[in-house]
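FYI, the numbering for the sequence shown is -15 to 285, going by our numbering. Cβ coordinates follow ideal geometry from the N, Cα and C atoms, glycine included. None of the values given here were measured: they were computed from a predicted structure. Read the structure below first, then the notes.
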Amino acid sequence: MKRFRPIVTGIFFLSAALPFFAAERPIVTGIKAEAGSGKRIFLTWTPPRNPEPAVTSLAVFRTEEPAAFFSDPDSLVPIVKLAKDSASFTDNVPDYKDYYYAVIALTEKGRYDIVIPSVNATVNGVRPRLPRKNAAKDTSASVQEKLYPEGAVRETPLPYIDLIESVNENKRTAMGRSARAQARLLAGSAETMHKMLSPYVFEEDLISPDGGDDYLLFDVLKTTFIKRKYADAETELLRLLATNRSEAVTSRARFYLGESYYFRGNYADAVNAFLYAADAYPSLAKKWIDSSLDFMQLPKN
-15 MKRFRPIVTG IFFLSAALPF FAAERPIVTG IKAEAGSGKR IFLTWTPPRN PEPAVTSLAV
45 FRTEEPAAFF SDPDSLVPIV KLAKDSASFT DNVPDYKDYY YAVIALTEKG RYDIVIPSVN
105 ATVNGVRPRL PRKNAAKDTS ASVQEKLYPE GAVRETPLPY IDLIESVNEN KRTAMGRSAR
165 AQARLLAGSA ETMHKMLSPY VFEEDLISPD GGDDYLLFDV LKTTFIKRKY ADAETELLRL
225 LATNRSEAVT SRARFYLGES YYFRGNYADA VNAFLYAADA YPSLAKKWID SSLDFMQLPK
285 N
């Protein structure tokens, strides 16, 4: 078996020349590992485009020490082999230790055994999230959580019906003149009843995805938004939005952020968040902006 050829020195130079370097060689780039619920760890990367030699498949390696990729590679075997254009993988680990990953291309000429820290190998350990030890237990049939296989349609949607709770806080945030103008234009002038809306969840977020950006958003919704923990939802959604995510996930996360502001009585921030999502969901955003404006004093100037 070939040995991995680690590239440890010259990382700064390599990073600057990476687009050219990766465009010609069968090396995945931008590897990221993030913890999920249960004992799942989500890996994402960018597969090579038009490499030479051509890639036939990708191999994912997992170790408990990053040095193992370099010191004793002959003892390592891939945990999975994936299609050549794969860009993500969900790993179910056996425990709560720190784990490190590398993704190596298998080509028509053999394994392309180059490992580059932060490019196709992680440098920081990732461990699954530990379950809360003191979580209240209720074994009644009405509150037991039913587990669904990944990708399986739920018998009922995520339990977002009747989530609205009394809003004790009516915090207002100043809106910029441009945002106010956009809000008036999008909301229109029709008077509406001051009736609070029910929480809205997009259809694509009603089932558990296999992994990637969609699962990260699903996990935030399941652990915060669906449980009416709107302050926690704001924190987690802002954290998710601070990272590089797909446009579709970004639009939905912005909308859920607006809802979280809305149900906490922070209507000005809610309007701003819905404006961000208006390009992707114009009719839906208008409905929520209308309602937000009903519950706040919108300055005339």
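- S70 and K81 have their C-alpha atoms roughly 26 Å apart.
- Just so you know, the alpha carbons of G20 and D263 end up roughly 30 Å apart.
- Unbroken beta strand (DSSP E) runs of no fewer than 3 residues, entirely contained in the stretch 245 to 269, are not found.
- Looking at the DSSP output, D75 shares a beta bridge with I25.
- Going by C-alpha positions, S276 is about 40 Å away from V110.
- Remark: C-beta atoms of T40 and T106 do not approach each other more closely than 8 Å.
- CA-CA distance, Y96 to N108, rounds to 23 Å.
- For K206, there is no enclosing beta strand (DSSP E); the residue is part of the alpha helix (DSSP H) that begins and ends at G196 to T207.
- Straight-line spacing of the CA atoms in I63 and F247 works out to 44 Å.
- Contact between the stretch 187 to 201 and the stretch 230 to 244 is present: 3 or more CB-CB pairs across the two stretches fall below 8 Å.
- The residues T91, E92 and K93, in chain order, have a CB closer than 6 Å to that of P37 in the same chain once the five nearest residues on each side in sequence are set aside.
- The three-state secondary structure of S102, taken from DSSP, is coil.
- Collapsing the DSSP output to three states places T234 in a helix.
- With 16 or more other CB atoms across the displayed protein chains lying within 10 angstroms of its CB, N104 is buried.
- In this model, T74 and R24 are separated by some 6 Å (Cα to Cα).
- Looking at the DSSP output, R46 sits in a beta bridge with Y85.
- E243 sits buried, since 16 or more C-beta atoms from the chains shown fall within 10 Å of its C-beta.
- Residues F26, T28 and S72 of the same chain have their beta carbon placed closer than 7 Å to that of G196, with the five preceding and five following residues left out of the count.
- A Cβ-Cβ distance of about 6 Å is found for the pair L200 and L224, placing them in contact under the 8 Å criterion.
- As the crow flies, the alpha-carbon of P10 is around 49 Å from that of A252.
- Secondary structure at R223: helix, using DSSP grouped into helix, strand and coil.
- For the pair V87 and V44, the CB atoms are nearer than the 8 Å cut-off.
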